[in-house]
């Protein structure tokens with residue numbers, strides 16, 4: 001049975017990262033859609049007012065053009081590239097990762113790196129957004145994919161794949177390795193996608209007000225718990241992002257793993273800390289990058305007007321709901337209105353669970 005070598009060399013990147021981990025580890029539940037939405041939420045907070053309005057208008061246009069009912073805004077559209085898999089868009093399958101070989105046994109590898117991967121696609125989307133003459137349709141396709149793939153580039157097992165005597169044709173980024181977590185069998189790749197939460201809990205899109213508030217509260221906690229120097233937060237080179245993730249894969253994801261065996265609590269803790277930190281860093285980088293790109297993008301008056309009307313309708317509905325909430329409370333009612341009580345009850349809990357919020361609301 002294969003035992004991966006133990007790496008004790010401290011990677012240069014690890015020396016520069018400043019992780020501040022609170023006493024309670026944030027529960028993120030899933031780097032599937034939830035992780036991508038957290039990246040996008042943290043990124044959204046980096047946008048200035050003008051950029052936020054532009055991406056809001058572009059998001060609404062994208063949402064209605066499909067239509068894509070599960071992607072009503074930038075945060076939820078962060079999952080769209082995964083949604084596309086259900087429509088059998090297999091040409092995009094290789095866009096989600098960059099399979100840099102990890103070859104600890106120094107076996108002969110005859111498989112070239114895919115020419116199209118998460119690095120090249122992210123670079124292409126950035127270039128597309130710099131084309132000021134591009135139609136809105138193409139700009140929407142570019143940003144909605146960029147938001148997703150910058151997140152993917154920060155997942156360690158999206159940036160490395162193991163080659164060994166047991167896996168001469170690679171382990172497909174941990175997808176061919178099955179480990180046990182508290183007695184449950186799970187693929188190593190899925191374990192990292194889910195931030196070592198087994199079973200992973202997923203939010204249902206479009207998000208309810210309660211779930212949206214819980215997601216925002218989790219993003220607050222992640223930002224509070226993981227701190228990075230400005231030079232790392234503003235990195236915008238996709239290849240450099242992938243290089244970082246590769247080092248984390250070698251020194252964290254694969255380290256000490258025995259296929260088929262139980263992974264211990266120390267491994268689970270390490271996975272959470274690394275993955276959560278990567279989510280935060282991805283959010284910062286995406287936000288700063290997107291803000292710069294949006295400054296040079298012109299959104300038509302018609303598209304902006306449709307967005308402003310949409311925002312005003314939402315405000316009117318929220319005001320109407322708040323009035324109903326006040327009336328209900330004055331009559332001694334206890335109905336959940338727009339998730340407001342869910343937000344207030346869960347906000348004090350770092351990474352409040354969706355189910356807990358819904359039950360307490």
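Numbering (UniProt numbering), first residue to last: 1 to 361. Ideal placement from N, C-alpha and C gives every residue a C-beta, glycine not left out.
(request) Could you have a look at residue 311 and say whether DSSP puts it in helix, strand or coil? (result) Under the three-state reduction of DSSP, residue 311 is assigned to helix.
(message) If I follow the unbroken beta strand (DSSP E) through residue 187, where does it start and stop?
(response) Element bounds for residue 187: 184 to 187.
(request) Could you have a look at residue 206 and say whether DSSP puts it in helix, strand or coil? (result) DSSP, reduced to helix, strand and coil, places residue 206 outside both helices and strands of the structure shown, so it counts as coil.
(request) Answer with buried or exposed for residue 298, where buried requires no fewer than 16 other C-beta atoms within 10 angstroms of its C-beta. (result) Exposed, because fewer than 16 other Cβ atoms sit within 10 Å of the Cβ of residue 298.
(message) Taking the alpha-carbon of residue 45 as reference, which of 281, 318, 301 has the nearest alpha-carbon?
(response) Per the Cα distances, 281.
(message) I'd like the span of the beta strand (DSSP E) that includes residue 54, first residue to last.
(response) For residue 54, no beta strand (DSSP E) encloses it; the enclosing alpha helix (DSSP H) starts and ends at 49 to 65.
(request) Could you check the C-alpha separation between residue 380 and residue 308 for me, to the nearest Å? (result) Within the shown structure, residues of the chain are numbered from 1 to 361, placing residue 380 beyond reach of any answer.
(message) Beta-carbon within less than 7 angstroms of residue 128's beta-carbon, same chain only, minus the 5 sequence neighbours each way: which residues are those?
(response) Once the five neighbours on either side are set aside, the close Cβ partners of residue 128 are 134, 138, 142.
(request) Locate the alpha helix (DSSP H) running through residue 272, then write down its first and last residues. (result) Where residue 272 is concerned, the enclosing alpha helix (DSSP H) starts and stops at 265 to 295.
(message) Within 8 angstroms, do at least three Cβ pairs link the stretch 99 to 118 to the stretch 62 to 71?
(response) Too few Cβ pairs lie closer than 8 angstroms, so no.
(request) Kindly indicate which three-state DSSP category residue 162 falls into: helix, strand or coil? (result) Residue 162 sits in a strand when the DSSP states are folded into three classes.
(request) Give the DSSP-derived three-state secondary structure of residue 250 in the structure shown. (result) It is helical.
(request) Could you tell me which residues DSSP pairs with residue 101 in its beta bridges? (result) Its beta-bridge partners are 161.
(message) Mapping the DSSP letters down to three states, classify residue 179 as helix, strand or coil.
(response) For residue 179, the secondary structure class from DSSP, reduced to helix, strand or coil, is strand.
(request) Can you tell me which of the three DSSP states residue 40 falls into? (result) Collapsing the DSSP output to three states places residue 40 in a helix.
(request) Count the other CB atoms, across all protein chains shown, that sit within 10 Å of the CB of residue 229; report buried if there are 16 or more and exposed otherwise. (result) Classification of residue 229: exposed, given that the 10 Å Cβ count is below 16.
(message) Residues in the same chain with beta-carbon distance under 7 angstroms from residue 75, minus the five sequence neighbours each way, listed in chain order, please.
(response) The answer, listed in chain order, is 37, 40, 41, 44.
(request) Would you kindly work out how many angstroms separate the C-alpha atoms of residue 29 and residue 100, rounded to a whole number? (result) For residue 29, the pLDDT reaches just 35, beneath the cut-off of 50, and the residue's location in the model is therefore unreliable, although a value from the coordinates is still provided. Straight-line Cα distance between these residues: approximately 27 angstroms.
(message) Can you find the residues in the same chain that come closer than 8 angstroms, C-beta to C-beta, to residue 295, ignoring five residues on each side of it along the sequence?
(response) For residue 295, where only same-chain residues beyond five positions count, the Cβ hits under 8 angstroms are 50, 51.
(request) Determine the DSSP secondary structure at residue 262, reduced to helix, strand or coil. (result) Looking at residue 262 - three-state DSSP - the assignment turns out to be strand.
(request) Keeping to the same chain, check which residues put their C-beta closer than 6 angstroms to that of residue 160; ignore five residues upstream and five downstream. (result) Answer for residue 160: 100, 102, 246, 249, listed in chain order.
(request) Would you kindly report the start and end of the unbroken alpha helix (DSSP H) that includes residue 76? (result) Start and end: 74 to 77.
(message) Between 167, 286, 168, 90, which has its C-alpha nearest residue 149's C-alpha?
(response) Measuring from the Cα of residue 149, the nearest candidate turns out to be 286.
(message) According to DSSP, is residue 257 part of a helix, a strand, or is it coil?
(response) When secondary structure is reduced to three states using DSSP, residue 257 falls in the coil class, being assigned neither helix nor strand.
(request) Count the C-beta pairs between the stretch 218 to 225 and the stretch 77 to 95 that are closer than 8 angstroms, then say yes if the count reaches three, no if not. (result) Using a Cβ-Cβ distance cut-off of 8 angstroms, the stretch 218 to 225 and the stretch 77 to 95 are not in contact, since fewer than three pairs of beta carbons, one from each stretch, lie closer than that value.
(request) Would you check if the distance between the CB atom of residue 373 and the CB atom of residue 271 is smaller than 7 angstroms? (result) Look at the range of the chain in this structure, 1 to 361, and you will see that residue 373 is not part of it.
(request) Name the two residues that bound the continuous alpha helix (DSSP H) containing residue 143. (result) It spans 136 to 153 - the alpha helix (DSSP H) in which residue 143 sits, taken as one unbroken run.
(request) Would you identify the three-state DSSP class for residue 115, choosing helix, strand or coil? (result) Secondary structure of residue 115 (DSSP, three-state): coil.
(message) Tell me the DSSP secondary structure of residue 96 in three-state form.
(response) Note: residue 96 maps to helix in three-state DSSP.
(message) Using the three-state DSSP reduction, which class does residue 330 fall into: helix, strand or coil?
(response) Legend: pLDDT at residue 330 = 47, less than 50; position of this residue unreliable, no value from coordinates given.
(request) Starting from residue 82, trace the alpha helix (DSSP H) both ways and give me its first and last residue. (result) Its alpha helix (DSSP H) spans residues 80 to 83.
(request) Report buried or exposed for residue 155, applying the criterion of at least 16 other Cβ atoms within 10 angstroms of its Cβ. (result) Residue 155 comes out buried.
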